[in-house]
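Take a look at the structure below.
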Amino acid sequence: MNNSRNKAEVILGVDTHMDTHVGVLLNAQGHQLGCLMVTTNTSGYERLVTWANSFGCLKRAGVEGTGTYGAGLASVLRKHGIEVFEV
């Protein structure tokens with residue numbers, strides 16, 4: 001679960017593909033904080049969550065294709081208590 005009381009909220013957007021996902025992190029004002037490409041496996045998904053939380057408190061994520069290429073990532077995000085939106 002997310003436990004980052006004193007950190008500013010960040011928002012993750014993810015473009016999903018068969019072999020890789022590309023995450024872009026935004027602050028509450030919509031400014032891009034960073035971009036990271038990960039492999040489409042549990043290790044890659046966990047790396048994306050850890051990376052995003054290093055910038056602030058990740059509570060929401062917009063993920064493309066939550067029923068297809070993004071399904072595995074969406075599952076991991078939800079296990080971390082992150083609200084997932086289909087984009």
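When we follow UniProt numbering, the leftmost residue of the sequence shown carries the number 1, and every step to the right adds one. Positions of the beta carbon are idealized from the N, C-alpha and C atoms, including for glycine. From a predicted model like this one, the values you see are computed outputs, not experimental measurements.
Give the range of the alpha helix (DSSP H) segment to which THR68 is assigned.
-> From DSSP, THR68 is part of no alpha helix (DSSP H); its letter is neither H nor E.
Report the rounded CA-to-CA distance for ASN6 versus GLU83, giving the unit in angstroms.
-> 19 angstroms
Which of the three DSSP states, helix, strand or coil, is assigned to MET1?
-> Reliability fails at MET1, whose pLDDT of 48 lies under 50, so the model's placement of it is uncertain and the value that follows must be treated cautiously. Coil at MET1, not helix or strand.
Extent of the continuous alpha helix (DSSP H) run through VAL84 | Unbroken run through VAL84 is the beta strand (DSSP E), 83–86; no alpha helix (DSSP H).
Where do the ends of the beta strand (DSSP E) carrying THR50 lie?
-> Unbroken run through THR50 is the alpha helix (DSSP H), 42–53; no beta strand (DSSP E).
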